[in-house]
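First the structure, in the form of structure tokens, and then the observations on it.
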Ligand code: AMP
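Numbering (our numbering), first residue to last: -9 to 928.
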């Protein structure tokens, strides 16, 4: 750096310029020359951070310095700053402005319809520079154009080329200066446009030909059939190709892609190598074997292996419902599961790609939730490559003042400082370049990156749609618009890379392959390496009554129990937690009846012992909302944590436990993705209160309860939902059991309400030990966690099994029983205590612990013992329109009628109610008393 930045500049008259320079430095320390950076860094801070120095402080400091200098050494006329030096500062500001706002002047819209005001600070005049300065030489600062000095003309031109052609780069919002510098260097050194070889260009055209060719073929063969074609966004296909090939050469072994319907068929055939013949069969409406209900073709997933320079890569396209964006966290969960399986902590081996639509990306809250998880311990995957297929319309909504409040559809990504590349989809080479940057950035920095592929949809929302009714001007332009392939082919012909014949040959080759129903992906591996993915065969074809054994040898159970109490030297456990551990020690020794927390912990310990990984996430799961779990201990001395279940024995399977951030939707979707990828593990999501799952209803409806039947994807996810009427008001009393039961059909899920510690223990163990993989919804208790009657013995854990129905436990003579009360959950103990208090021997109380699949045979077996029944009653705490009454009564009626035709199932419970529970404790107690009384009298 030259001497011109020496202290001579520190004259009072230059203060304004230095202040500007300082502003520049605050925004980006690398934007100012080294000397100035060092100088600013040394300034006394008046805030909390080193850069937090007020401008007045800088000016004062600077003036003071100048004064001292004048005193020591009178300033000569020659050392007063020259006009040139002032301009130099302005040139640096100009450079910085282009980095920040150049994208606003870039040509991003292939249709040329965007009308954007070019920011004033991208013109040299804004800085007091004029055409007369264009040939003056300035220092380039840290502008990466390969020289220290250049004319203003060259500097300005290079900035326009780099930042204002067909790529709009947004990266200056990133705080980390290494990352910003990385982008500056990559973009500026090639002026936003590297030279690609003829071979690469020809390959690009081949991929565009494939993308366009498929749509044309389908359009001719199945005119008017909905396919949500990619037309207008064909550059997606070369983009995906590049991501796969480039990440493959980095050593990636698996890639999971999530995408909505637009372009999906194209991706399936041209990226995944799905046999076109299979796709044609789907167009002809053929049913896929083994699926009961199926799904439309543009929601289907797929798997294949392709070859890359770094070896074989397994590709998985996630199945997707119509709810846009919800698949993104599912993909993240699936990727994390694969990374965990490969012990790939950094995320080198498995890459997530999320493909979005612009309208949904800007509109759906789950996008923000998914970004929020991207760097958290429990959910990070080492960075996702996001692609927004920006066709500038959301169904029929295109006005920006209707569709969003942000400048770009992608602005939400800035919340995690993700770099964003807007790129004109009609410039395939620019697309290729930003794709390379995106992959390189993700691999180096392990963070999310966004490519905004600005394109259009040639045929409206789908092929049966007439878009000009709602977007007249846009579609007038689209009618005139030549395709991306045509434009690029022309460009290559013009630059003599290819001739007309070669271009036509590519079209013909592709069409012939489709005519012959051949695979069109050249890199497809015909005999895939199966080791790259999990073998699900052991889990296929089982019914819920499949035989299983959840017993566990008592001595080993006690050894594991003791091991859980070994705390590291010097680790100070909080007083109440210490008491819980002491009690657990007594429980393990048989000196105390066991409680819920103990039994649940032992379920995890024994499953780990048997080789099953365990993953638990959700709100406050470490402690448990009601402090019953304490699976993570906190050192009172230094706040360090210790998880005994991670330290049971050498080389044990993983035990992962994370308090989630405060999301339900993305987190539950993530765990769905995780569990549909890891059949061998117990995967649990726990809601802080059961009703919080409301926020994740899409995941429950679209994936958990229907995924197997639509797509053949098994899922063993367990949801723990605290539920119970404790007089705490409308919120948090009900986990909305009725919603789950209403969704039950074809044995799609299991819904259970265990009432004893041994029951939760065997239920959790059953979930993994039984080869069946079905989602398990457990309504877990609150007060029962400490209820004096809700206890079990060690023998109950060592022996026993999960009981779907629990018969009367008191020794009541069945012959005397005239009234049978059926119930589930906590109300059982209220009924039991009342019956005992009243000394009634004519009433038996039977618990239904599994509400779905409803155990009709087991209930019939219990009923068979009661020959003299006159009444059978269903008792529930929930209002009549809620709980199990409406959805489960037909099962109970069927069993009762088979037992005795004259038995009519009666109801004892709260009246129907709009709200789940009342807010007044006294009203609650009254209602509770009445429903118990009704159970004994109706
Ligand atoms: P993927 O790694 O997701 O591509 O899966 C590879 C193969 O494993 C798929 O083609 C399916 O045959 C099978 N598979 C994956 N996940 C599941 C699942 N949740 N249920 C049943 N089969 C699965």
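Heads up, the beta-carbon is just placed ideally off N, CA and C, and yes, glycines get one too.
Inclusion of residue 737 and residue 534 in the CB contact set at 8 angstroms is warranted, their separation being smaller than that value. Taking the Cα of residue 325 as reference, the smallest distance to any Cα among 890, 678, 525 and 666 is reached at 666.
Look at the beta carbons and you see the segment 91 to 109 touching the segment 460 to 467: at least three pairs across the two are nearer than 8 angstroms. The way I'd put it, the segment 239 to 257 doesn't touch the segment 485 to 496; fewer than three beta-carbon pairs between them come closer than 8 angstroms. DSSP places residue 877 inside the alpha helix (DSSP H), whose first and last residues are 875 to 889. A direct Cα-to-Cα measurement between residue 273 and residue 905 gives close to 47 angstroms.
Using a 10 angstroms sphere on the CB of residue 620, the tally of other CB atoms reaches 16 or more, which defines it as buried. Within the chosen limit of 7 angstroms, ligand 1 does not reach the beta carbon of residue 689 with any heavy atom.
Within 7 angstroms of the C-beta of residue 504 there is not a single heavy atom belonging to ligand 1. Within its own chain, the residues whose Cβ lies closer than 6 angstroms to the Cβ of residue 791, once the five positions on either side in sequence are excluded, are 540 and 752, listed in chain order. A buried status is given to residue 588, since no fewer than 16 other beta-carbon atoms sit within 10 Å of its beta-carbon. Going by C-alpha positions, residue 694 is about 15 angstroms away from residue 669.
Here the alpha carbon of residue 332 sits roughly 17 angstroms from the alpha carbon of residue 300. Per the C-alpha coordinates, the member of 869, 916 and 926 positioned closest to residue 899 is 869. A distance below 7 angstroms between beta-carbons, with the five flanking residues on each side excluded, links residue 14 to the following residues of its chain, in chain order: 21, 22, 82, 83 and 86. Look at residue 229 here: in three-state DSSP terms it is helix. Annotation: residue 883 to residue 802 spans about 24 angstroms, alpha carbon to alpha carbon.
Per the DSSP secondary-structure output, residue 782 pairs in a beta bridge with 584.
Inclusion of residue 320 and residue 659 in the CB contact set at 8 angstroms is warranted, their separation being smaller than that value. Annotation for residue 859 indicates a beta carbon at 7 angstroms or more from all heavy atoms of ligand 1. In this model, residue 120 and residue 88 are separated by some 17 angstroms (Cα to Cα). Within the segment 566 to 645, the runs of alpha helix (DSSP H) that reach at least 4 residues and sit entirely inside it are, in chain order, 586 to 599. For residue 297, the three-state secondary structure derived from DSSP is strand. Relative to residue 97, the option among 155, 90, 109 and 129 whose CA is nearest is 155. With a cutoff of 7 angstroms, residue 532 does not count as near ligand 1, since its C-beta is closer than that to no heavy atom of the ligand.
The straight-line gap separating the alpha-carbon atoms of residue 675 and residue 655 is approximately 11 angstroms. Under the Cβ criterion (8 angstroms, minimum of three pairs), the segment 759 to 770 does not count as touching the segment 818 to 831. For residue 913, the enclosing alpha helix (DSSP H) has its first and last residue at 911 to 927. Per DSSP, the continuous alpha helix (DSSP H) segment holding residue 358 begins and ends at 355 to 363. Counting the other CB atoms within 10 Å of its CB gives residue 424 a total of 16 or more, which places it among the buried residues. The beta-carbon separation of residue 497 and residue 199, rounded to 6 angstroms, stays under the 8 angstroms limit for a contact. By the criterion of at least three beta-carbon pairs nearer than 8 angstroms, the segment 886 to 899 is in contact with the segment 859 to 866. Counting every other CB atom within 10 Å of its CB across the protein chains shown gives residue 880 a total below 16, marking it as exposed.
Residues close to ligand 1 by the beta carbon criterion (under 5 angstroms to any non-hydrogen atom) are, from first to last along the chain, 293, 306, 523, 526, 666, 703 and 704.
Contact between the segment 686 to 701 and the segment 742 to 756 is absent, with fewer than three C-beta pairs closer than 8 angstroms. Taking each of 379, 435, 323 and 629 in turn and checking the Cα distance to residue 662, the smallest one comes out for 323.
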